[in-house]
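> Per this note's numbering, numbering through the sequence shown is continuous, rising by one, with the last residue being 207.
Note that the Cβ used here is the ideal one computed from N, Cα and C, for glycine as well.
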Amino acid sequence: MAAGSRLVRMISYIATTGDARRAEIAQDTDSLGGKILRMNLDGTIPNDNPFANSYVYSYGHRNPQGLAWDEAGQLYESEHGDSAHDELNKIDPGKNYGWPEIQGDEQKADMVKPLIHSGENTWAPSGMAYFDGKLYFAALRGEALKSYDEKNGKLTNIITGSGRIRDVFVDEKFLYFISNNTDGRGNPDEKDDKLYRLPLSQLNMP
């Protein structure tokens, strides 16, 4: 884990909340729904949060899922769209990520577009990890483990054929991921669900 990531996690908690099918609350900074929240370890509000006396760190989210930090402590997030237009976002404090005012490539003043989105397809992204310049994210509906390189904009399927994938973790030598085929939406075999560990050296990660 990078030093910046350790610092963020040592001094605060980050949590995600969906809009609970009330899309309008994602734009309401007085509501905790449709947000990324930040709090001190004792549950109090950090003095440097972007909104005074508020846990809200960023807003305009529909259903945020995975979180990951790069070496510098930059936060990234994966998010379910409204049946499609799932997103990866680069999260900065106080920013408005648009839901339900914009989605996909739509633009509006003072609202942030995603780094990448699924268009009319559905990934149903879940857990996410950062390693060596790439974001790795699990896809439930998309039934894959994907990587995204922000520098060149390349999206790659790293793992397929294991069904619904819930979460991912990457360290210096291995990539770990968890299948989630017994949640009532997958097609499990008799040994599901599983935790997989794969050597990074054996993966095709361009």
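1. Rounding to the nearest angstrom, what Cα-Cα distance links D106 and K114 in this structure?
2. Report all residues from its chain with a CB closer than 7 Å to the CB of L8; omit the five preceding and five following residues, and keep chain order.
3. If contact is defined by three or more beta carbon pairs under 8 Å, each pair taking one atom from either stretch, is the stretch 90–103 in contact with the stretch 11–31?
4. Helix, strand or coil for L201? Go by DSSP, reduced to three states.
5. Within 10 angstroms of the Cβ of M2, are there 16 or more other Cβ atoms? Answer buried if so, exposed if not.
6. Output yes or no for whether 8 Å exceeds the beta carbon distance between R63 and E78.
7. In whole angstroms, give me the CA-to-CA distance for G189 and L89.
8. Could you tell me the distance, in whole angstroms, from the CA atom of E25 to the CA atom of L76?
9. Could you pull the DSSP bridge partners for H81 from this structure?
10. Cβ atoms of I46 and I15: under 8 Å apart, would you say?
11. By the three-class DSSP mapping on this structure, what secondary structure does A140 have?
12. Would you call the stretch 122–133 and the stretch 56–72 in contact, with 3 or more CB pairs under 8 Å?
13. Tell whether a beta-carbon distance below 8 Å holds between N182 and R165.
By the coordinates alone:
1. Stepping through the sequence shown from its first residue, residue 106 is reached at position 105. Stepping through the sequence shown from its first residue, residue 114 is reached at position 113. In a straight line, the C-alpha of D106 is about 7 Å away from that of K114.
2. For the purposes of this step, residue 8 is taken as the residue at position 7 of the sequence shown. Because the pLDDT of L8 is 44, which lies under 50, any placement of that residue in the model is unreliable, and the number read from its coordinates should be weighed accordingly. Excluding positions up to five away in sequence, the list reads G74.
3. yes
4. Counted from its first residue, the sequence shown places residue 201 at position 200. Helix, per DSSP.
5. Here the question's residue 2 lines up with position 1 in the sequence shown. Note that M2 scores 34 on pLDDT, short of 50, meaning its location in the model is unreliable; the coordinates nonetheless yield the value given after this. Flag for M2 reads exposed.
6. Numbered from its first residue, the sequence shown carries residue 63 at position 62. Numbered from its first residue, the sequence shown carries residue 78 at position 77. The answer is no: Cβ separation not under 8 Å.
7. Against the sequence shown, residue 189 aligns to sequence position 188. Against the sequence shown, residue 89 aligns to sequence position 88. According to the sequence displayed, residue 189 carries Pro and not Gly. So the two alpha carbons sit approximately 28 Å from each other.
8. Reading the sequence shown from its first residue, position 24 is the one you call residue 25. Reading the sequence shown from its first residue, position 75 is the one you call residue 76. Taking the straight line from one Cα to the other gives about 24 Å.
9. In the sequence shown, the residue the question calls residue 81 occupies position 80. Answer is N64, bridged to H81.
10. As a first step, residue 15 is located in the sequence shown; it is residue number 14 there, counting from the start. As a first step, residue 46 is located in the sequence shown; it is residue number 45 there, counting from the start. Their beta carbons are not under 8 Å apart, which means I15 does not touch I46 by this criterion.
11. Position 139 of the sequence shown holds residue 140. DSSP places A140 in strand when its eight states are reduced to three.
12. yes
13. To locate residue 182, count along the sequence shown from 1; it is residue 181. To locate residue 165, count along the sequence shown from 1; it is residue 164. Yes, the pair counts as a contact, with Cβ atoms nearer than the cut-off.
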